[in-house]
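Peer 1: Mapped onto the working numbering, the consecutive letters of the sequence shown carry residue numbers 5 to 374.
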Amino acid sequence: MSDWTAGQSSILKWSPNNVTWNSNTGTLNFTLDKAPRGSRLPYVSGEIESNQTAQTGTWSWTAQAPELTSGSIFGLFTYKADWANDPWLEFDFEFLGKDGGDWDGDGDIDINVVRLNIHMETASGQHVTLEDANGGPIKVNLGFDATEGQHTYAVTVTGTEAIFTVDGTEVGRYDATDMPGGTWINGEMKSFVNLWAVDTKPEMEAWAGKWTYPGHPLVGKVSAVEYAPLGGTSTLIGGPAPKPAVTVQGTNGPEDLRDVLKRSDVLEGAGGQDRFLFVSPGLNAKGDTVTSRGGTAEKDVIWDFNPDAGAEHDITVISKSLAGVSQFSALYRNVSDVNGEAVLKFADGSTLTFHGLHKADLSYDDFALV
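#1: Can the beta-carbon of G224 be found less than 8 Å from the beta-carbon of L93?
#2: Please report the distance separating the alpha-carbon of P2 from that of H359.
#3: In the structure shown, what three-state DSSP assignment does Y157 receive?
#4: Let me know the alpha helix (DSSP H) ranges lying completely inside the segment 101-184, each 4 residues or longer, listed in chain order.
#5: Just to confirm the assignment, what range does the beta strand (DSSP E) spanning A201 have?
#6: Given 8 Å as the limit, is there contact between the segment 133-144 and the segment 108-116, that is, 3 or more CB pairs closer than that?
#7: Starting from the Cα of S64, find the closest Cα among V159, A372, F34, G140 and give me that residue.
#8: Is E53 buried or exposed, if buried means 16 or more other CB atoms sit within 10 Å of its CB?
#9: Kindly indicate which three-state DSSP category N26 falls into: helix, strand or coil?
#10: Start and end of the beta strand (DSSP E) containing Y83?
#11: Name the two residues that bound the continuous alpha helix (DSSP H) containing L335.
#12: Hey, quick one: how far does the beta strand (DSSP E) through W63 stretch, first residue to last?
#13: Pull the bridge partners of N33 from the DSSP assignment, please.
#14: Which class does A88 belong to by DSSP, given the choice of helix, strand or coil?
#15: Would you mind working out which of V117, A201, A346, L335 sits nearest L16, comparing C-alpha positions?
#16: How is the alpha helix (DSSP H) around A210 delimited, first residue to last?
#17: Looking at I322: is its Cβ nearer than 8 Å to the Cβ of L373?
#18: Is the CB-CB distance between L72 and L100 below 8 Å?
#19: Look up W18 in the DSSP assignment and give the residues it is bridged to.
#20: Taking the beta strand (DSSP E) that V347 belongs to, which residues open and close that run?
#21: State the Cα-Cα distance for the pair V342 and T66, rounded to the nearest angstrom.
#22: Between S13, G344, A69, which has its C-alpha nearest H155's C-alpha?
#23: Enumerate in chain order the residues of its own chain whose CB-to-CB distance from D203 is below 7 Å, with the five nearest sequence positions on each side excluded.
Here you go:
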């Protein structure tokens, strides 16, 4: 999660506190609001980016757009992996408050249009866009109000073209012939989601409209951010963690597999929707009493965690005291890729390895903090 001044707007700072998990809606919420008293900049919002990078493949986002007002933007996009050194490369779905209105007369803001754009850089360093070549923005009429529910927006980049889809239906296909000067480049990219507002630069206001705080926060909701390579599923780079000797073995049905405290275990779930429990035996129903591990430096491994949605989607249930955090956003900061696998570090120094997965493969709906 980003934690710095937004590069595209001089009035806004990114904050991890503005990306929060809502267990009632099952979504990661992005909130654009006034900054706390005493802040250097007047507004604060949220942005996430993937650790994983790739040149080709399909990036997808399942999201509900905010009820955007003039000057605000909700972006689902890929962007060059090295922002400082790589040539500009970006594939965008962008929702603009400028395109919104109360189209159905029910008193709230409707957004039934998403804009597509591609940014690239020529060999001479010139920034060019799909929008430039088109002579104006490329707007897709969605046929639904994007603020009313979750929909999946995806872009597949093959190396020679980009295919944009919404809920599996193609809405745009572009290649070098659609770009200024026949420009088409490839490079490593990350997946991004952000919600922001423009400053008073004339070119920004001409593009997105003049921003005025609407008197309440704007909230975008994301239920999934995914990546798949062309023709397959994600593969690891690097060596796997060794399988520990002590195993808590599951069956092919759904079940709870509980970590044994003060011991390094491997939890092997087999089939079914499993819950991997990392909570103290002293934890009561309300989560009020927890006995800490006390620095036992366990090194547990989940050997077959399934983060994909569906009947076999597994969940890791972790005590807030053992994790040392109370929100998914903070928990996620404690995950890093070690030897090609995602490793979560607990407050007491213990670790939990997700065998066969990168950090970018894990998301808010894979965890429950109790």
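The beta carbon of each residue, even a glycine, is placed where N, CA and C say it ideally should be.
Peer 2: So, from the listed chains and residues:
#1: no
#2: An answer regarding residue 2 cannot be provided, because it is not within the stretch 5 to 374 covered by the chain.
#3: strand
#4: 134-138
#5: 193-201
#6: no
#7: V159
#8: Answer is buried; the Cβ neighbour count reaches 16.
#9: strand
#10: 76-84
#11: 332-337
#12: Per DSSP, W63 is one residue of the beta strand (DSSP E) stretching across 61-68.
#13: T24, K225
#14: Coil at A88, not helix or strand.
#15: Closest by C-alpha distance to L16, out of V117, A201, A346, L335, is A201.
#16: 206-212
#17: For I322 and L373, yes; Cβs fall inside 8 Å.
#18: yes
#19: S49
#20: 345-349
#21: 28 Å
#22: Closest option to H155, judged by alpha-carbon separation, among S13, G344, A69: A69.
#23: Excluding residues up to 5 positions away in sequence, S13, S14, I15 lie with their Cβ nearer than 7 Å to the Cβ of D203 in the same chain.
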